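In the working numbering, the protein residues as written are 138 to 268.
Note that the Cβ used here is the ideal one computed from N, Cα and C, for glycine as well.
The structure presented is a predicted model; accordingly, all values stated were derived computationally and were not measured.
Heads up, the thing below is written out as structure tokens.
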Ligand code: FES
């Protein structure tokens, strides 16, 4: 059912964990299957310098988180915002049709973490102006 790339990321997930002082955190869940994913990002000069995650979900969701963490590290935020779940699925060599929704979780969690980063940055800029 799963190809070798997916199995490899499932068996040896890359970049698992939490970044305690993350610049952005994004959590998403799928109400139907109950799977959940949280991404933690460190950002420097609009570039993602570190990415970690916690995934409570199926094998495909774990492989997706692992692949997404590798795809976004070292990338500019704007590049990441343009990534789609299809890009993730393609990088994994294609997900089985009933598991396509798992690729949404990864990219949605990362985009939510970027939104969180941007909101915090905007707040910091506002308080800097008020001083
Ligand atoms: Fe729902 Fe995998 S079965 S994310």
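State yes or no: is the C-beta of residue i nearer than 7 Å to some heavy atom of the ligand FES?
i           : result
residue 172 : yes
residue 194 : yes
residue 293 : Residue 293 lies beyond the range of the chain shown here (138 to 268); nothing can be said about it.
residue 239 : yes
residue 236 : yes
residue 197 : yes
residue 167 : yes
Out of the options, state which residue places its alpha-carbon closest to the alpha-carbon of residue i.
i           : options               : result
residue 191 : 155, 228 and 146      : 155
residue 174 : 242, 159, 252 and 261 : 242
residue 164 : 258, 262, 252 and 211 : 252
residue 196 : 263, 209 and 139      : 139
Can you tell me the Cβ-Cβ gap for residue i and residue j, rounded? I've got them flagged as a contact below 8 Å.
i           : j           : result
residue 199 : residue 234 : Actually they are not in contact, since the Cβ atoms of residue 199 and residue 234 sit about 19 Å apart, beyond 8 Å.
residue 206 : residue 152 : 4 Å
residue 176 : residue 250 : 5 Å
residue 254 : residue 180 : 5 Å
Could you give the DSSP three-state label for residue i: helix, strand or coil?
i           : result
residue 172 : coil
residue 200 : helix
residue 192 : strand
residue 210 : coil
residue 163 : strand
residue 177 : strand
residue 185 : strand
residue 155 : coil
residue 234 : helix
Does the stretch 173 to 189 touch the stretch 219 to 228, meaning 3 or more C-beta pairs lie closer than 8 Å? no
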